[in-house]
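Chemist:
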Amino acid sequence: MAKTKAEKITSIEEEIRQLENRRRQLVQEQKAQERKDRTKRLCRRMGLFESLVPDTIPLTEEQFKTFLEKTVMTDHARRILDGLTAQNAPTAPIQGAETAAQGNTPPTAHTAHTAHEGGAGGSMNGGGLQG
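Counting along the sequence shown from 1, when you hit position 55 you're at 55 in the UniProt record's numbering, and nothing is skipped either side.
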């Protein structure tokens with residue numbers, strides 16, 4: 001039996017509503033996965049950090065924040081980070097596909113001073129941050 005134009009319109013509008021609901025559901029699932037991935041990454045990284053610097057465990061949140069600001073935000077630490085992110089830059093398209101599949105985002109390259117510093121981030125002076 002042939003549908004009238006009004007029935008076709010109603011059918012298409014219902015299909016549109018279903019697709020919009022499905023899109024909302026997929027966006028919600030994507031956000032939930034991103035939250036789970038971020039939580040997992042934060043736990044892994046802080047676990048590694050605490051295993052490398054166990055003296056930070058008893059610090060208060062404010063003391064820990066001060067410690068990070070004074071150690072991580074030094075010029076030496078920035079050069080190390082810039083060097084590491086610059087190493088990732090040539091492989092970003094390959095890693096981007098892998099990390100997208102895992103729900104992780106690739107690191108952002110900070111190359112503001114790496115070009116003229118000649119790979120200063122290659123060594124961490126025996127593994128420690130010394131500035």
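A virtual CB, placed ideally from N, CA and C, is assigned to each residue, including glycine. In this text, all values refer to a predicted model and were calculated from it rather than measured experimentally.
Please work out which residues of its chain come closer than 8 Å, Cβ to Cβ, to F64, disregarding the five sequence neighbours upstream and downstream, and give them in chain order.
Modeler: The answer, listed in chain order, is T56.
Chemist: Would you tell me roughly how many angstroms separate the C-alpha atoms of residue 168 and L48, rounded to the nearest one?
Modeler: Because the chain spans 1 through 131 in this model, residue 168 falls outside it and cannot be assessed.
Chemist: Applying the criterion that 16 or more other CB atoms from any shown protein chain within 10 Å of the CB defines a buried residue, is I16 buried or exposed?
Modeler: The residue is exposed, with fewer than 16 neighbouring Cβ atoms inside 10 Å.
Chemist: Within 10 Å of its beta-carbon, does D82 have 16 or more other beta-carbons around it, so buried, or fewer, so exposed?
Modeler: D82 comes out buried.
Chemist: According to DSSP, is M46 part of a helix, a strand, or is it coil?
Modeler: Note: M46 maps to helix in three-state DSSP.
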